Structure formats: structure tokens, C-alpha cells
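Q:
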Amino acid sequence: MRARGDVLPKTAESSQYLYIQTFGCQMNEYDSLRVERMLAREGYLPTSDLNSAGVIFLNTCSVREKAEQKVYSFLGRLRSIKVRNPGLKIIVAGCVAQQLGKKLLERFDYLDLVVGTRGVASIAQLLERSQVKEERIAHLPEEEDQAHWLHLFERTSSIDSPVVAPVTIMQGCNNFCTYCIVPHVRGRERSRPMAEIIREIRLVANGGAREILLLGQNVNSYGRGLPGKPSFVELLHRICVETEISRIRFTTSHPKDLTDDLIACFGELSPLCKFLHLPVQAGSDRILRLMNRGYTASRYLERIERLRTICPEVGLSSDVMVGFPGETEEDFRETLQLLDEVQFDNLFSFRYSDRPYARSADFPDKVAEGIKARRLIELQSLQAEITLRKNQREVGCVREVLVEGPSKSGDGQIMGRTQQNRIVNFQGTERLIGKKVQVRIMGAFSHSLKGELAEYRG
Ligand code: SAM
Ligand code: SF4
Numbered sequence: 000m001r002a003r004g005d006v007l008p009k010t011a012e013s014s015q016y017l018y019i020q021t022f023g024c025q026m027n028e029y030d031s032l033r034v035e036r037m038l039a040r041e042g043y044l045p046t047s048d049l050n051s052a053g054v055i056f057l058n059t060c061s062v063r064e065k066a067e068q069k070v071y072s073f074l075g076r077l078r079s080i081k082v083r084n085p086g087l088k089i090i091v092a093g094c095v096a097q098q099l100g101k102k103l104l105e106r107f108d109y110l111d112l113v114v115g116t117r118g119v120a121s122i123a124q125l126l127e128r129s130q131v132k133e134e135r136i137a138h139l140p141e142e143e144d145q146a147h148w149l150h151l152f153e154r155t156s157s158i159d160s161p162v163v164a165p166v167t168i169m170q171g172c173n174n175f176c177t178y179c180i181v182p183h184v185r186g187r188e189r190s191r192p193m194a195e196i197i198r199e200i201r202l203v204a205n206g207g208a209r210e211i212l213l214l215g216q217n218v219n220s221y222g223r224g225l226p227g228k229p230s231f232v233e234l235l236h237r238i239c240v241e242t243e244i245s246r247i248r249f250t251t252s253h254p255k256d257l258t259d260d261l262i263a264c265f266g267e268l269s270p271l272c273k274f275l276h277l278p279v280q281a282g283s284d285r286i287l288r289l290m291n292r293g294y295t296a297s298r299y300l301e302r303i304e305r306l307r308t309i310c311p312e313v314g315l316s317s318d319v320m321v322g323f324p325g326e327t328e329e330d331f332r333e334t335l336q337l338l339d340e341v342q343f344d345n346l347f348s349f350r351y352s353d354r355p356y357a358r359s360a361d362f363p364d365k366v367a368e369g370i371k372a373r374r375l376i377e378l379q380s381l382q383a384e385i386t387l388r389k390n391q392r393e394v395g396c397v398r399e400v401l402v403e404g405p406s407k408s409g410d411g412q413i414m415g416r417t418q419q420n421r422i423v424n425f426q427g428t429e430r431l432i433g434k435k436v437q438v439r440i441m442g443a444f445s446h447s448l449k450g451e452l453a454e455y456r457g
């Protein structure tokens, strides 16, 4: 059981424990963190034990079919827990909740609350209503429910910020890539006011955060709907000047909106980590056009070249999909060629799946599952070779590492990340958590590096 700080439950009953399960992206992680903080104010203590929970909160994702299936299989496990503990309240939020609404309550008759993507701010009130009135509720507002989120970050003595704190700067997306459900379940793009973002960053920095991860589906279009249309580049500059944060990362950038002045930031702003996640999706211009991505493979490569000219040591990762409708073997080869050319440090690769509302679900020439599977294996083995080779080149170098916490290996080591987002495990005390240290890289694996402390300046 994980119990932090000074928030005490209203009573000592088990109904005051909150279990959170987050599926999908980092933006969902951020929303879950907000819900954890919101319900902590109501007296709920976090737990990692499903059986002792009085409230189970599921934050769901339906970007890919597999992600959606994972949610249903988790929900299936909860039936017997609810039978044993009828007072348990089960809340489903996120994309699956938005997509299915009331139908989810019908399909899983032991669910209590279904909360759409614009309703998260009301969860505490909805939970209370469901407890007092024994109601089952589907809450799917058209407009974002308003909340004063910032006060949640003020009680830093009760919930400390993680060393790397996510900060969502915008919601929704206007891009309508033909395969994507996001604009349909998350709505149109909405940017948070800059002053509010700066304030939140100061608060999480006071709570112990050293690095912030700015989140949005397309951060480079930040500010378009705000008065005065401030840009993402302005936001980055202001964070550097007005906060004490020592590292900044952001995700996700869209290649079509990666401007020269954003690229210039990698040479100008020292807190900005030398790392960029830039999803390419495919290497074939024909497929990129069908996806409505708004760039060609050569434009993508030109952006990478410019970035590497400004910042030669930049680390790069990307998202790629195989088996988009109509993808031929030749199109697929062009994707492999692009991977070979760019030499990404890391890659997230997926099999295309039809999604509700997405235009590509109606496209002809669907690729057989067996072919998608074979293409994915080939693509992943090419990338595995590239990643390992690039990791091996790190051996012998000394890198700046921000220590995030104990290593997952569980052998008493600690872990952190280089600016290029490489995980490094090394021997060190937990006193170093939250500090930047110099680490000599001693060994390389496919997903991490092994190091030893070279230097630590107080
Ligand atoms: N906004 C980001 C972007 O433009 O790349 C990320 C969006 S999505 C949450 C994350 C990744 O999921 C995408 O980059 C894409 O590779 C993958 N994805 C989205 N829809 C998909 C689908 N229908 N089938 C398979 N993968 C999909
Ligand atoms: Fe989906 Fe495209 Fe928007 Fe990313 S940019 S969220 S892939 S529609």
C-alpha cells in the first residue's frame, strides 16, 4: 500500500482507498495525477491493492484497438471484486468512456460512473453523488467542465511532485489524421493560458520536480486559440526565464509544424533537453498523403537535417505504423529506408487498426493481419539493431543524468535519464534523487545503459 504524506482519510474504512489504473499516453498519466490529487483532498489515500480499494478509477485509451481491448479485459476482472465488495465505486474516464458513454454502463452493469474526456474536473462531485444517491451516472459534457486545478498543486506537503512532472499545455487536436480517433474523442484543440502553465510549473518545482514534460497532441500549434496567439516558442522562452526548472522536454510535435524558430530553441535554451519525439508514421509519400499528415518523407528528412545542424547531439524518437490501408510492400520498404536514413534512437511502432470515427476505417485495400505482423517484426528488428548500435556508442562517454528514483532492476541501483532520454542504471544512494550527476557509461543494452557515478557537484 502506498500512503504518502499528511492527507488522512475521513475515516479508517477501506472505502477511503483509491486505486488508479491508467492506460495509454502520458496525457492520461497527467489527468490521473490530477484525479489523485483531487480525491486526496476528499480524504482518499492511494493504494496499489485492488481488493482494499473503495474507489477504482480507470483512465482509458482507445487510440488503438489493442489499447481498447486491454480496458475491457481489466474491467472484466473487476466484476468479482465488486461482488465481494458491493460498496466499491468503479469510475471509467478517458477515451473509451467518451466513445461509448452510457453503452459502457449497459455493457458492464457493475460500473458506477462513466466520465467523458471533458468531465474530469467533476469527478469528486460525481463520486459523492453516486455514493449518496446510489446513482449510476454517465457524464459527457460538450464543453470542458471548469475546475481550479492549480490549487491541487499547492499542497506540496501532502503529495510531492515526481522528479519529472508532466504538465499538459493543451487538449484535443485539429489535425484529423485519417487513422486517428483523438480529435473525435478529445475534441478540438484548446490551449491553456500561458500564465497558468507558468504558475503550475513553479508549483511543481516547489514540490520537488526538476524536469517538466510539456504535453499536448501537437504542442507546436500551442496558443493558436488564445488571445494574442502566443506561440510554443514564446512559452519555452518564458519557462526558461520565469521558472527554476532545470530540464524541459515536450511531446508530441507534428513534423508539418516544426518551425525553424522551434528548431533554433535546441541551440539557444540550455534547460531544453537535446531530444525530440517527432512521429513520422510512414516513409511513403503516397501513404502519408492518405494519412493526411501534411508533409512528405523528404520534408521530414529536411527538418531532421536542420535540427541536427543546429544541435548535432540531439536524440530522436518517432512513431511508425505498419499496414495502413493500401500499404504495399514497396511503401513498407520506403518506411524501412527512412528508418535506416534517420537512425532514430528509439521508436514506437504499431500495427494499424481501424478506429471508430476515423476516415481510414472506410478506406479500401485493407492489409491482412498476417502481413502487418510480419512487417512489424521486420521493422522492429531493424530498429532494435539501430538502437543497440547507438547505445553501444555511448560506452565510455560521461553523460549528465537527472536521477529519477530507484532502478526497476530492484538491485539497489538508482536510475535517471540522459538529455537524449536514455535510461541509465547505476550504483548510488537515494539522496541523489532529483540531482543532476555525471555518469560514465559502462555497458549498453537494448533499452538502457549501465553506468558508474563519475562526478557529483553537490
Ligand atoms: N499526436 C501525436 C502524433 O501526431 O503523432 C500522437 C497521437 S497517438 C495518441 C500516438 C500514436 O498512435 C500515433 O503517433 C500513431 O502512430 C498511433 N496510432 C494512432 N492511431 C492509430 C491506429 N488507428 N492504428 C495504429 N496506430 C495508431
Ligand atoms: Fe491524432 Fe494526428 Fe492529432 Fe496526432 S496529430 S492526435 S495522430 S489526429
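With the first letter of the sequence shown counted as 1, position 14 gets the number 13 in numbering that gives the first Met the number 0; the numbers rise by one all the way through.
Here a beta-carbon is modelled for each residue, glycine too, at the ideal position from N, C-alpha and C.
From a predicted model like this one, the values you see are computed outputs, not experimental measurements.
Should V321 go down as buried or exposed, given a rule of 16 or more other Cβ atoms within 10 Å for buried?
A: With 16 or more other Cβ atoms within 10 Å, it is buried.
Q: Any chance the CB of C179 is under 6 Å from a heavy atom of the ligand SAM?
A: Checking every heavy atom of the ligand SAM against the Cβ of C179, one is found closer than 6 Å.
Q: Is S190 closer than 7 Å to G222 when the C-beta atoms are compared?
A: It is a contact, given that the beta carbons lie within the stated cut-off.
Q: Using a Cβ distance threshold of 8 Å, determine whether the region 255-267 contacts the region 200-209, with at least three qualifying pairs required.
A: The region 255-267 is not in contact with the region 200-209.
Q: List the whole-angstrom C-beta distance separating A281 from F323, where the pair is believed to meet the contact cut-off of C-beta under 8 Å.
A: Right, the Cβ-Cβ distance comes to about 7 Å (below 8 Å), so this counts as a contact.
Q: I376 to E127, Cα distance in whole Å?
A: Whole-angstrom Cα-Cα distance: 48 Å.
Q: Can you give, in chain order, each stretch of the beta strand (DSSP E) that sits fully within the region 240-307 and has at least 3 residues?
A: 246-250, 274-276, all fully within the region 240-307.
Q: Any chance the region 27-46 sits against the region 121-138, with 3 or more Cβ pairs inside 8 Å?
A: The region 27-46 is in contact with the region 121-138.
Q: Give, in chain order, every unbroken run of the alpha helix (DSSP H) that is at least 4 residues long and sits entirely within the region 71-142.
A: Counting only runs of 4 or more, we get 94-99, 101-106, 122-132.
Q: Check whether the region 228-237 and the region 177-193 touch, using three or more Cβ-Cβ pairs below 8 Å as the test.
A: Yes, they touch.
Q: Taking only three categories from DSSP, how would you classify F56?
A: Here F56 sits in strand by DSSP.
Q: Classify D353 as helix, strand or coil using the three-state DSSP reduction.
A: Here D353 sits in coil by DSSP.
Q: With C-beta atoms as the reference, is T116 less than 7 Å away from R185?
A: Result yes, Cβ atoms of T116 and R185 sit closer than 7 Å.
Q: Cβ of F274 within 7 Å of Cβ of N420?
A: Cβ atoms of F274 and N420: closer than 7 Å.
Q: What's the gap between the Cα of S13 and the Cα of Q97?
A: Bear in mind that a pLDDT of 44 at S13, under 50, signals an unreliable position, so the model cannot answer this.
Q: Got a sec, what are the start and stop residues for the alpha helix (DSSP H) K371 sits in?
A: It spans 368-391 - the alpha helix (DSSP H) in which K371 sits, taken as one unbroken run.
Q: My guess is that L401 and R209 are in contact by the Cβ rule of under 8 Å, so how many angstroms apart are they, rounded?
A: About 6 Å; that satisfies the 8 Å criterion.
Q: Between which residues of its own chain and T177 is the CB-CB distance below 7 Å, once the five residues before and five after are set aside?
A: Counting only Cβ-Cβ distances below 7 Å, and skipping sequence neighbours, we find L289, M290, N291, A357, R358, S359.
Q: What is the residue span of the beta strand (DSSP E) that P405 lies within?
A: Residues 397-405.
Q: Do L112 and S129 have their C-beta atoms closer together than 7 Å?
A: Yes; because the gap between Cβ atoms is below 7 Å, this pair is in contact.
Q: By how many angstroms is the C-alpha of L49 removed from the C-alpha of L17?
A: Each residue's alpha carbon lies about 9 Å from the other.
Q: So does Q428 have its beta carbon nearer than 6 Å to some heavy atom of the ligand SAM?
A: The question names Gln, yet the displayed sequence has Thr at residue 428. T428: no, Cβ never under 6 Å from the ligand SAM.
Q: Looking at C-alpha atoms only, which residue of F444, L271, F265 is the closest neighbour of I238?
A: Comparing Cα positions, the closest option is L271.
Q: What is the DSSP secondary structure of R416, counted as helix, strand or coil?
A: R416: strand per DSSP, three-state reduction.
Q: Taking just the CA atoms, how far does R388 sit from R439?
A: Going by the C-alpha atoms only, they are around 18 Å apart.
Q: Taking contact to mean 3 or more Cβ pairs, one atom from each stretch, closer than 8 Å, check whether the region 330-344 and the region 424-442 are in contact.
A: These segments do not touch.
Q: Taking F425 as part of the beta strand (DSSP E), name the residues at either end of that continuous run.
A: Taken as a continuous stretch (DSSP letters only), the beta strand (DSSP E) holding F425 covers 422-426.
Q: Measuring CA to CA, which of V218, A146, A453 is closest to N173?
A: Checking every option, the nearest Cα to that of N173 belongs to V218.
Q: Which residues in the same chain as A372 place their Cβ atom closer than 8 Å to its Cβ, once the five residues preceding and following it in sequence are excluded?
A: So the list reads R350, once near-sequence residues are dropped.
Q: Measuring from the CB of Y351, is there a heavy atom of the ligand SAM at a distance below 6 Å?
A: It does: the Cβ of Y351 is within 6 Å (strictly closer) of some heavy atom of the ligand SAM.
Q: Rounding to the nearest angstrom, what Cα-Cα distance links L335 and Y299 in this structure?
A: Between L335 and Y299, the C-alpha separation is close to 14 Å.
Q: Distance check for P161 and Q426, CA to CA, integer angstroms please.
A: Their Cα atoms are separated by approximately 21 Å.
Q: Any heavy atom of the ligand SAM closer than 6 Å to the CB of P229?
A: Because no heavy atom of the ligand SAM lies under 6 Å away, the Cβ of P229 does not count as near it: no.
Q: Spatial neighbours of T417 within its chain, please: CB distance less than 7 Å, with the 5 preceding and 5 following residues excluded, ordered by chain position.
A: Around T417: R398, E399, V400, V423.
Q: Just to confirm, is the Cβ distance from T59 to C24 under 7 Å?
A: No, Cβ-Cβ distance for T59 and C24 is not below 7 Å.
Q: Taking buried to mean at least 16 other C-beta atoms within 10 Å of its own C-beta, is F56 buried or exposed?
A: It counts as buried.
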